[in-house]
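Each remark here refers to the structure printed beneath this line.
Protein chains in written order, with this note's numbering: chain A, 1 to 397; chain B, 1001 to 1136.
Structure follows, in structure tokens:
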């Protein structure tokens, strides 16, 4: 046991973090500047972590609001002393709604402001809505804490003077949340879990089917996360995963959320990708996968974009795999070939070709494609996996 | 405590002591043993309190230089001469002495290759310049 560790808290850390967006939105609605309010709340949280174990508050939310307000007043006093504060800089509060869900939505629109770069949007959302500390966010993105602190404060400076009385672009919010999810699962901070938590909060605030579709997609993919790597950290592909390790509760919830989203009859990218994930989750074994239905969903996914030049290459590549299973490996390879111009330099394109060649029984071509993919891989885990695939096929071929 | 980079190269350096084919052409168990050894080195360094960082680089290399006032950067994506150095990755270690850095580099170089025999890979050992010490 580490002697420097504080005694186990008598309060619930998750509950504390769940209060962050509520308290922050309350301050912003009251007319406080987002930047200053966020700083003040961050200080209040650190104070809470220090004080609460000895003196748990009666009303945690009121306590945080009071301490953050005191910090704001202190900050304003010192700023006034410097006589530099401009009143017009203040973020305008959104009138009306006071539900907790709306708090989340308001703050997510704020954090995912289109003027900000994706890295800043993610960091800000994790801090202002997720309640993570700067250090935790820095750890998750493998950058020094000072770098992340600077990134956050620059992002907030950009937001200064932005009016928050208009709804933002939900599509941007969804993209940022999905980016947080895909950034992954680290030993130190579970970003995928954070993304699910944030998206779940978002779905309380909006009926937009794509928001629910995104939550379903995350749940249905995350359900397989325990089986994705073996004990030595090696990637295990979907067809070789131990399906008994899949989280059936998450799958059930994902399917439920997806069904409610699809009922609105306004399909979108996330709902369709979730439907594809659900079909994979539904198969008791890899050979029992319903590829024809998966292909039908991929057709819908591709059809979302009219202009073939603006098609999502990742969707087209996924479709090529489905075509390979339904119409045969060579048909799949023909589909993949059409993408050579667009993503022929990417490791994933070569990996899909390796998969399809192996599916078609063409060992040497499969091994060569996997080796090519390995040379282009951007992560050590993927590179090692692709080298293993090539070596395995060469050994058995 | 001096810090050292133990650099691994895709190419360049003295002639290979033991030329081997690319790893995707090894036996699968040799691939496993090699990858396990890399992980083992990290664990060992962490355990001995000498680990600072380990990173791998992709083989894509772009040389870039300032293009002049108002001009776009000038870059070249290769291919570069086969003789040029191409760094593949590194271990950064914080050790008691130069001798210890050499010892660890030799250990890294003993990583298993085809047939489970050592690779004898050349490791490029570079000392990191340290901070200015407190004045006397």
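Backbone N, C-alpha and C define an ideal beta-carbon position, used for all residues, glycine too.
Residues that DSSP places opposite residue 1009 (chain B) in a beta bridge: Its beta-bridge partners are B:1087.
Below 7 Å CB to CB, which residues in the same chain sit around residue 1063 (chain B) once its five sequence neighbours on both sides are set aside? Taken in chain order, the residues that qualify are 1075 and 1076.
Using 10 angstroms around the beta-carbon of residue 1024 (chain B), count the other beta-carbons present and answer buried if the total reaches 16, otherwise exposed. Counting Cβ neighbours within 10 Å, residue 1024 (chain B) comes out buried, since at least 16 surround it.
Can you pull the chain E neighbours of residue 1026 (chain B), defined as C-beta to C-beta under 8 Å? Absent from the structure is chain E; the protein chains it does hold are A and B.
Same chain, Cβ closer than 6 Å to residue 1114 (chain B), neighbours up to 5 away in sequence not counted: 1020, 1026 and 1030.
Taking three-plus beta-carbon pairs below 8 Å as touching, is the segment 124-134 of chain A in contact with the segment 70-78 of chain A? The segment 124-134 of chain A, when compared against the segment 70-78 of chain A, does not touch it at the 8 Å Cβ threshold.
Given a limit of 7 Å on CB to CB distance, which residues of the segment 1045-1079 of chain B reach chain A? Result list: 1056, 1058 and 1059.
Grouping DSSP H, G and I as helix and E and B as strand, with all else coil, what is residue 1112 (chain B)? Strand at residue 1112 (chain B).
Listing by chain order, which chain B residues have their CB less than 9 Å from the CB of residue 378 (chain A)? Chain-ordered, the chain B residues with CB closer than 9 Å to the CB of residue 378 (chain A) read 1058.
Report the start-end ranges of each alpha helix (DSSP H) in the segment 269-329 of chain A that is 4 residues or longer and not cut off at the edges. If we require 4 residues or more, the alpha helix (DSSP H) runs fully inside the segment 269-329 of chain A come out as 269-282, 291-303 and 313-327.
Span separating the alpha-carbon of residue 388 (chain A) from that of residue 213 (chain A): Each residue's CA atom was taken as its position, placing residue 388 (chain A) and residue 213 (chain A) some 35 Å apart.
Show which residues of chain B have a CB atom less than 7 Å away from the CB atom of residue 387 (chain A). Below the 7 Å Cβ cutoff, chain B contributes 1023, 1024 and 1031 as neighbours of residue 387 (chain A), in chain order.
If we ignore side chains and look at the alpha-carbon of each, how far apart do residue 246 (chain A) and residue 219 (chain A) end up? Looking at the two C-alpha atoms, the distance is approximately 11 Å.
Go through its chain and collect everything with a Cβ distance to residue 1053 (chain B)'s Cβ below 7 Å, but skip five positions before and after it. Apart from sequence neighbours up to five positions away, the residues of its chain that approach residue 1053 (chain B) with a beta-carbon distance below 7 Å are 1092, ordered along the chain.
Taking residue 1076 (chain B) as part of the beta strand (DSSP E), name the residues at either end of that continuous run. Its beta strand (DSSP E) spans residues 1074-1076.
Under a three-way DSSP split, which group does residue 34 (chain A) fall into? Residue 34 (chain A) falls in the helix class under three-state DSSP.
Residue 192 (chain A) lies in the alpha helix (DSSP H); which residues open and close that run? Counting along the chain, the alpha helix (DSSP H) containing residue 192 (chain A) begins and ends at 191-205.
Comparing C-alpha positions only, which one of A:128, A:303, A:279 and A:384 sits nearest to residue 398 (chain A)? For residue 398 (chain A) there is no data in the structure shown, the boundaries of chain A being 1 and 397.
Check whether residue 158 (chain A) and residue 120 (chain A) have beta carbons under 9 Å apart: A contact, by the Cβ cut-off of 9 Å.
What does the Cβ neighbour count give for residue 1072 (chain B), buried or exposed, with the cut at 16 atoms within 10 Å? If you draw a 10 Å sphere on the C-beta of residue 1072 (chain B), you find fewer than 16 other C-beta atoms in it, and that means exposed.
Identify whether residue 400 (chain A) lies in helix, strand or coil by the three-state DSSP scheme. Residue coverage of chain A in this structure runs from 1 to 397, which leaves residue 400 (chain A) outside it and unanswerable.
Which residues in chain B have a C-beta closer than 7 Å to the C-beta of residue 375 (chain A)? List them in chain order. Correct list: 1059.
Per DSSP, which one or two residues make a beta bridge with residue 1118 (chain B)? Under DSSP, the beta-bridge partners assigned to residue 1118 (chain B) are B:1112.
Looking at chain B, is there any beta carbon in it that lies within less than 9 Å of the beta carbon of residue 98 (chain A)? Confidence in residue 98 (chain A) is poor, its pLDDT being 43 and thus under 50, which makes the residue's placement unreliable; the coordinate value appears in the next sentence. By this cut-off, residue 98 (chain A) is not an interface position.
Taking just the CA atoms, how far does residue 1047 (chain B) sit from residue 1099 (chain B)? Looking at the backbone, the Cα of residue 1099 (chain B) and that of residue 1047 (chain B) are separated by about 19 Å.
Please classify residue 1134 (chain B): does DSSP put it in a helix, a strand, or coil? Look at residue 1134 (chain B) here: in three-state DSSP terms it is coil, with no helix or strand label.
Quick one: Cα of residue 1010 (chain B) to Cα of residue 300 (chain A), how far? Just so you know, the alpha carbons of residue 1010 (chain B) and residue 300 (chain A) end up roughly 44 Å apart.
How would you call residue 122 (chain A), buried or exposed, if buried means at least 16 neighbouring beta carbons within 10 angstroms? So residue 122 (chain A) counts as buried.
Could you tell me whether the Cβ atoms of residue 240 (chain A) and residue 205 (chain A) are closer together than 9 Å? Cβ atoms of residue 240 (chain A) and residue 205 (chain A): not closer than 9 Å.
Beta carbon proximity, residue 1119 (chain B) to chain A, threshold 9 Å: Not closer than 9 Å to any Cβ of chain A, the Cβ of residue 1119 (chain B) fails to qualify, so no.
Partners in chain A for residue 1035 (chain B), counting only beta-carbon separations shorter than 7 Å: Going along chain A in sequence order, the residues near residue 1035 (chain B) (Cβ under 7 Å) are 384.
Hey, could you find the ends of the beta strand (DSSP E) residue 1127 (chain B) is sitting in? Residues 1124-1128.
Using a threshold of 9 Å, state whether the C-beta atoms of residue 328 (chain A) and residue 321 (chain A) are closer than that. The answer is no: Cβ separation not under 9 Å.
For residue 1094 (chain B) and residue 1007 (chain B), believed in contact at Cβ under 8 Å, the rounded distance: The pair is not a contact, with the Cβ atoms about 16 Å apart (cut-off 8 Å).
Can you find a CB in chain B that lies within less than 9 Å of the CB of residue 119 (chain A)? Not an interface residue.
With C-beta atoms as the reference, is residue 209 (chain A) less than 9 Å away from residue 264 (chain A)? Cβ atoms of residue 209 (chain A) and residue 264 (chain A): closer than 9 Å.
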